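Note sheet for the following structure.
Protein chains: 2
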Amino acid sequence: MSERLVVIGGDAAGMSAASQARRLKGPDELEIVAFERGHFSSYSACGIPYWVGGDVPVRDKLIARSPEEHRARDIDLRTRTEVVEIDVAGQRVRARDLESGAETWTGFDKLVIATGARPLRPPLPGIDAPGVHGVQTLDDGEALLASLDRAKGRRAVVVGAGYIGVEMAEALLGHGFEVTVLNRGEQPMATLDPDMGRLVHEAMDGLGITTVGSSPVRKVLTGGDGRVRAVATDSGEYPADVVVLGTGVVPETGLARAAGLPLGAYGGLLTDLAMRVRGHENIWAGGDCVEVLDLVSGRERHIALGTHANKHGQVIGANVGGGYATFPGVVGTAVSKVCDLEIARTGLREKDAREVGLRYVTVTIESTSRAGYYPGAALMTVKMLAERRTGRLLGVQIVGREGAAKRVDIAAVALTAGMTVEQMTALDLGYAPPFSPVWDPVLVAARKAVTAVRAAG
Amino acid sequence: MSERLVVIGGDAAGMSAASQARRLKGPDELEIVAFERGHFSSYSACGIPYWVGGDVPVRDKLIARSPEEHRARDIDLRTRTEVVEIDVAGQRVRARDLESGAETWTGFDKLVIATGARPLRPPLPGIDAPGVHGVQTLDDGEALLASLDRAKGRRAVVVGAGYIGVEMAEALLGHGFEVTVLNRGEQPMATLDPDMGRLVHEAMDGLGITTVGSSPVRKVLTGGDGRVRAVATDSGEYPADVVVLGTGVVPETGLARAAGLPLGAYGGLLTDLAMRVRGHENIWAGGDCVEVLDLVSGRERHIALGTHANKHGQVIGANVGGGYATFPGVVGTAVSKVCDLEIARTGLREKDAREVGLRYVTVTIESTSRAGYYPGAALMTVKMLAERRTGRLLGVQIVGREGAAKRVDIAAVALTAGMTVEQMTALDLGYAPPFSPVWDPVLVAARKAVTAVRAAG
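Line by line, the protein sequences give chains A and B. Taking the working numbering, the leading residue of the first sequence gets 1016, the next gets one more, and so forth. Taking the working numbering, the leading residue of the second sequence gets 1016, the next gets one more, and so forth.
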């Protein structure tokens, strides 16, 4: 007796789930139908800035597995088909063919919701003018690239200085644009503490990117041709031949909300550790549309990141396919770069620690990526938070050049293991002059944190 | 009432201990006398291959703190002075001034033994001929550099294909030598399993380094001028204008042995977790002259590595200075490179696991340092060992190009925390296309290991 699995969303989480389930159960046991409203499947949204910037030569490099490849694996993937309703009690979904407009109901025994996130597009005058672009989908990327060609001048404004914002600043620089990043907060990279964000700000200055803090955008101004010509903030107008929005994303959970499924404080679906939607035996959810447990704060958070989406998909696929797997949660690791500046963070910022009632100490150190005497040794700044009294590691932020970002993995594993900073000082990390100083920068920070924890009492 | 601390050995462990003790106790509380038989203090022996190779322009770059700098911090460091006897019961050491030959006794309240390791110089005919060089000390490095200048031809033979051997092969290549590495074992890098060593072998071939396995050296042949002219093995003679020995080191514990201090199976001093010599209240030891606890196998091992020596020194200094610190042990992490080939390992090899009675599964995967579509994505091979039944991580070996080696830190922390490979699959590691594929190579290996553990039952 064959069951039917329906998957809503054809990107990382949905198609990983479908593929993993297919590996565990053949087509005679499990029919898999997947709906995707776009043209593409299983693509790397995180790669879009690098495609736009020209590091990745062609769009299709970002596609890990095309709809045809999925279909060849007995997954009935229907692109350009949007699910418009989930009937939970009736165990069926209503889908609309975006070409013909025709709607059909499809029943399911098991359902995976992987509807992703949508960019926050602040409801400002002019925000939909030609020349204003999001960079969430491959279609967005195509549109932006065309717009860069059409732009009359070489002035670009990026709204928002988060990951997408700074990555797009680099991409636009690569196209020869004069780039201004307008940021709501005082410093770029609000996922860092402001003191570390300031280092990013200074480095962006050095790269020729103008970063304007405390400047929420009020209005997008257009020219006679209707195309964007400037962006207005409280602090003034910034001329723009093209505008890129990096204003964050929110979970795309309209369908789930309408179906009465449980959502959290950030609007993301709430699941159990097996990625099953809470209270629903036969519905799973994963990727950018869910909230995840932050193992350090014990709170749910919304983190849109391809690596989590892929993990969710694997876990869902295993469970749907009759196996067993869980996603225990995240520690909040993220890495990024602007040109040769590397930015990384994991765990809690000061603000996060305060919010959950943790008392902490912080230390900040400067060290190098290699032995100081080895060519290419690059400076990096490491900030570390540790809990008072217990000395438990709470978070790490790193800003530096080559070799800085991925060092955050050391802290990510230590956070997962619940290590104290004193335990960390004994970590047996890879040492040789081309790879690290004799004390790895993360250990230098840990040593200083031990002293700070003791001093704070 | 002032105490006297005597330190034997002026490099990483000894001088870290002295410096840390000095930070905790001023000269009126603690007198510190340190003996060093060489000219230098606190230098990076690990950096010697890069100085010889020319990456590090001048010798003094390798010196972290000169004797004068130590003396300015109220440490009475006596260079060119060799301790020739430890009188444990009498709490004194006998030291010989290597210039004058004069000997004096110095009493101690506390003693730190940091005598390091000495290179294994196999007792072969001709091994002491001009043109045959060790690379353990700065003096060795000077001598080798002079010898490279004097060499009549451009043929170099490196004996031993461990860390020093492969690093010296790179250095000699940099001087325009034709390099042959003669190795006792079948594959280079015996600290890896042979299947991973084979990858190093192939890469060295590609770099133009001839690596000859299963070729223990029998004799060093000299020319009419008494200088080395060839190296003889069972498989033939290898012409050599210069020979570099990379044949490993053993703990330099003659003094300790004569004093009746406890030594382990590898001839290294045995200490407790506070780095105190077992059974001796007022004697500490650290660095290359001690054995350390391998946390994965539960056995003592001898690992000569600057990063451990520095940690030992810190721990000893804290304890001597009236504080408290421990060195819990190692997991056996080591990284190295030959030109652009990166080599890393942590935990147990197959052979190590068998020796301690562990049953295991192994998996080997290929992945890339960055997202596959991102420029510069470099291939790497990751081998992982996990315990049968429990799935506990036992070891990781990585061979690849840029971005390969330091990924071993992820496994080093996971080993320290006792994680299973299944727990590792959920690790929240830094992901962005310039830094990692969506599944980090270490996680790809962990996923495959989970399957292997299940299959092995």
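C-beta atoms are modelled at their ideal positions from N, C-alpha and C, and glycine is treated no differently. Nothing here was measured: the structure is a model prediction, and the numbers come from that model.
(message) Please state whether the Cβ-Cβ distance between B:G1149 and B:P1134 is less than 8 angstroms.
(response) Cβ atoms of B:G1149 and B:P1134: closer than 8 angstroms.
(request) Could you give the DSSP three-state label for B:V1071: helix, strand or coil? (result) In the structure shown, the three-state DSSP call for B:V1071 is coil.
(message) According to DSSP, simplified to helix, strand and coil, what is B:A1318?
(response) According to the sequence as given, residue 1318 of chain B is Ile; it is not Ala. Taken through DSSP and simplified to helix, strand or coil, B:I1318 comes out as coil.
(message) If you follow the alpha helix (DSSP H) that A:I1179 is in, where does it begin and where does it stop?
(response) Per DSSP, A:I1179 belongs to the alpha helix (DSSP H) from 1178-1189.
(request) Measure from the C-beta of A:N1334 to each C-beta in chain B and report whether the shortest distance is under 8 angstroms. (result) A:N1334 is outside the set of residues whose beta carbon lies under 8 angstroms from a beta carbon in chain B.
(message) Taking 8 angstroms as the threshold (C-beta atoms), are A:I1078 and A:F1050 in contact?
(response) Going by C-beta atoms, A:F1050 is not nearer than 8 angstroms to A:I1078.
(request) For B:K1398, write down the residues that DSSP places opposite it in a beta bridge. (result) For B:K1398, which the question treats as bridged, DSSP gives the partners B:T1379, B:Q1412.
(request) Indicate whether A:A1419 and A:V1457 have their beta-carbon atoms separated by less than 8 angstroms. (result) For the 8 angstroms CB-CB criterion, A:A1419 and A:V1457 do not form a contact.
(message) In whole angstroms, give me the CA-to-CA distance for A:R1403 and A:V1411.
(response) Using only the alpha carbons, I get a separation of about 15 angstroms.
(request) With distances taken Cα to Cα, identify the nearest neighbour of B:Q1151 among B:G1445, B:A1392, B:L1320. (result) With distances taken between CA atoms, B:Q1151 lies nearest to B:L1320 out of B:G1445, B:A1392, B:L1320.
(message) Would A:K1326 pass as an interface residue toward chain B - the criterion being a Cβ-Cβ separation below 8 angstroms?
(response) A:K1326 counts as touching chain B.
(message) Tell me the rounded alpha-carbon separation between B:E1252 and B:G1177.
(response) Taking the straight line from one Cα to the other gives about 21 angstroms.
(message) With a threshold of 6 angstroms on Cβ separation, who are the neighbours of A:T1466 within its own chain once the five nearest residues in sequence on each side are excluded?
(response) The answer is none, since no qualifying residue turns up.
(message) The alpha helix (DSSP H) that contains B:L1430, what's its start and end?
(response) Per DSSP, B:L1430 belongs to the alpha helix (DSSP H) from 1423-1431.
(message) Rounded to the nearest angstrom, what separates A:M1399 and A:L1430 at their Cα positions?
(response) Cα to Cα, the separation comes out at about 12 angstroms.
(request) Using alpha carbons as the reference points, say which of B:G1131, B:V1108, B:C1061 lies closest to B:E1267. (result) When C-alpha distances from B:E1267 are compared across B:G1131, B:V1108, B:C1061, the shortest belongs to B:G1131.
(message) Check this for me: beta carbons of B:G1301 and B:I1331, under 8 angstroms apart or not?
(response) Cβ atoms of B:G1301 and B:I1331: closer than 8 angstroms.
(message) List, in chain order, every chain A residue whose beta-carbon is nearer than 8 angstroms to that of B:P1390.
(response) What B:P1390 touches in chain A: D1070, V1071.
(message) My output table needs one value for A:A1110: the three-state DSSP class, helix, strand or coil.
(response) The answer is strand: DSSP assigns A:A1110 an E or B state.
(request) Could you have a look at A:T1130 and say whether DSSP puts it in helix, strand or coil? (result) Shown here, A:T1130 sits in coil according to DSSP, grouped into three states, outside any helix or strand.
(request) Please decide whether B:M1183 counts as near chain A, where near means a Cβ-Cβ distance under 8 angstroms. (result) Cβ-Cβ to chain A under 8 angstroms: no for B:M1183.
(request) Could you tell me whether the Cβ atoms of A:A1393 and B:G1445 are closer together than 8 angstroms? (result) The answer is no: Cβ separation not under 8 angstroms.
(request) Rank A:H1317, A:D1026, A:A1333 by C-alpha distance to the C-alpha of A:R1052 and give the top, closest one. (result) That would be A:D1026, whose Cα lies nearest to the Cα of A:R1052.
(message) For the stretch 1182-1199 of chain A against the stretch 1219-1230 of chain A, do three or more pairs of beta-carbon atoms, one drawn from each stretch, fall closer than 8 angstroms, so that the two count as touching?
(response) Cβ pair count under 8 angstroms is three or more, so yes.
(request) Out of B:G1275, B:E1217, B:G1336, state which residue places its alpha-carbon closest to the alpha-carbon of B:P1203. (result) It is B:E1217.
(message) Restricting to Cα atoms, I'd like to know which of B:G1156, B:L1139, B:V1376 is closest to B:T1409.
(response) In the sequence as presented, Thr is not what sits at residue 1409 of chain B; that position holds Leu. When the alpha-carbon of B:L1409 is set against those of B:G1156, B:L1139, B:V1376, the nearest one is in B:V1376.
(request) Could you spell out where the alpha helix (DSSP H) holding B:A1161 opens and where it closes? (result) First-last of the alpha helix (DSSP H) with B:A1161: 1153-1165.
(request) List the whole-angstrom C-beta distance separating B:D1112 from B:T1096, where the pair is believed to meet the contact cut-off of C-beta under 8 angstroms. (result) Indeed, because the Cβ distance is near 5 angstroms, the residues count as touching under 8 angstroms.
(message) Counting only Cβ pairs nearer than 9 angstroms, list the residues of chain B close to A:I1331.
(response) Close partners of A:I1331 in chain B (Cβ separation under 9 angstroms) are lacking, with about 14 angstroms as the shortest Cβ gap.
(request) Could you tell me the distance, in whole angstroms, from the CA atom of A:I1101 to the CA atom of B:D1455? (result) If you take the alpha carbons of A:I1101 and B:D1455, they lie about 35 angstroms apart.
(message) Between which residues of its own chain and A:D1154 is the CB-CB distance below 6 angstroms, once the five residues before and five after are set aside?
(response) Counting only Cβ-Cβ distances below 6 angstroms, and skipping sequence neighbours, we find nothing.
(message) Please list the terminal residues of the continuous alpha helix (DSSP H) segment that includes A:A1205.
(response) Per DSSP, A:A1205 lies in no alpha helix (DSSP H) and is assigned neither H nor E.
(message) Using DSSP's beta-bridge definition, name the partner residues of A:R1360.
(response) Paired residues: A:A1349, A:Q1412.
(message) For A:V1459, would you say it is in contact with chain B, using Cβ-to-Cβ distances shorter than 8 angstroms as the test?
(response) Cβ-Cβ to chain B under 8 angstroms: no for A:V1459.
(message) Does any residue of chain A have a CB that is nearer than 8 angstroms to the CB of B:T1396?
(response) With 8 angstroms as the cut-off, B:T1396 does not count as an interface residue toward chain A.
(message) What would DSSP say about B:P1343, mapped onto helix, strand or coil?
(response) Of the three classes helix, strand and coil, the one that applies to B:P1343 here is coil, per DSSP.
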